[in-house]
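Trainee: Okay, here's the structure, questions in a sec.
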Amino acid sequence: MRITMHLLTMTITDMYYPGFAHAAVELSAYIHSLGIFIISLRSGRVVSHTPADAADFRLWLAAHHVRDIAQDDGIRRSRKYY
2 MRITMHLLTM TITDMYYPGF AHAAVELSAY IHSLGIFIIS LRSGRVVSHT
52 PADAADFRLW LAAHHVRDIA QDDGIRRSRK YY
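For the sequence shown, the working numbering assigns the number 2 to the initial residue and increments by one for each residue that follows.
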């Protein structure tokens with residue numbers, strides 16, 4: 002399966018994003034603001050990355066099922082409070 006991004010084409014099995022030192026399997030979650038990604042690694046470390054194309058990097062993260070904490074904070078809620 003191939004995914005085509007704005008500036009590059011890669012297979013879904015590409016574990017490394019160009020210019021980013023960590024493999025997708027090392028990543029736990031991220032948040033993005035003003036072009037900067039703050040990324041939580043499974044080891045507990047937190048790193049930042051400023052890719053040349055934020056949309057491409059976000060697509061790569063999504064392809065590898067890395068959780069966007071702006072969409073999912075990881076807290077399971079059993080009740081709705083109004």
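Cβ coordinates follow ideal geometry from the N, Cα and C atoms, glycine included.
Put D69 into one of helix, strand or coil per three-state DSSP.
Mentor: Note: D69 maps to strand in three-state DSSP.
Trainee: Start and end of the alpha helix (DSSP H) containing A56?
Mentor: Here the alpha helix (DSSP H) through A56 covers 55-64.
Trainee: Please classify V47: is it buried, with 16 or more other beta-carbons within 10 angstroms of its beta-carbon, or exposed?
Mentor: Result: exposed.
Trainee: On a Cα-Cα basis, can you pick out the residue from A25, Q72, W61 that is closest to L42?
Mentor: Of the listed residues, the one whose Cα sits closest to L42 is A25.
Trainee: Assign A22 to one of three DSSP states: helix, strand, or coil.
Mentor: The answer is coil: DSSP assigns A22 none of H, G, I, E or B.
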